[in-house]
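Colleague: Residue numbers (the UniProt record's numbering): 1 to 88.
Structure in structure tokens, see below.
Laid out in structure tokens, this is it:
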């Protein structure tokens, strides 16, 4: 590796600006991550409080589905937003 990490970071940023780097739609990914975490914690609370195990399993299954949707949304190139022109 040549150069300091600051120089490498500056070079990487210049390259990404040049190719029109696009960014992910973070608000949707954050909401899905929060929902997934909430469902996991709800399932854990239900299980620890002694409610029906089927209810806890339903929360965990819903968390798995939400997590899968989050990852699909995160990696799907159609979900990227174009960077506004003139933004550095």
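C-beta atoms are modelled at their ideal positions from N, C-alpha and C, and glycine is treated no differently.
Just to confirm, are residue 28 and residue 60 a CB contact at a threshold of 8 angstroms?
Modeller: Their beta carbons are not under 8 angstroms apart, which means residue 28 does not touch residue 60 by this criterion.
Colleague: Suppose contacts are defined by Cβ-Cβ distances below 8 angstroms. Is residue 39 in contact with residue 63 by that definition?
Modeller: Yes, the pair counts as a contact, with Cβ atoms nearer than the cut-off.
Colleague: Just verifying my parser: in three-state terms, what is the DSSP assignment at residue 49?
Modeller: Coil.
Colleague: Hey, how far is the Cα of residue 4 from the Cα of residue 33?
Modeller: The alpha-carbon atoms of residue 4 and residue 33 are separated by roughly 35 angstroms.
Colleague: Does residue 72 come out as helix, strand or coil in the three-state DSSP assignment?
Modeller: Three-state DSSP puts residue 72 in a helix.
Colleague: On a CA-only basis, which of 50, 76 and 67 is nearest residue 30? Give me that one, please.
Modeller: Measuring from the Cα of residue 30, the nearest candidate turns out to be 67.
Colleague: Look up residue 21 in the DSSP assignment and say whether it is helix, strand or coil.
Modeller: No answer about residue 21 holds up, because its pLDDT of 48 lies below 50 and its placement is not dependable.
Colleague: Distance, Cα to Cα, residue 42 vs residue 13?
Modeller: Going by the C-alpha atoms only, they are around 41 angstroms apart.
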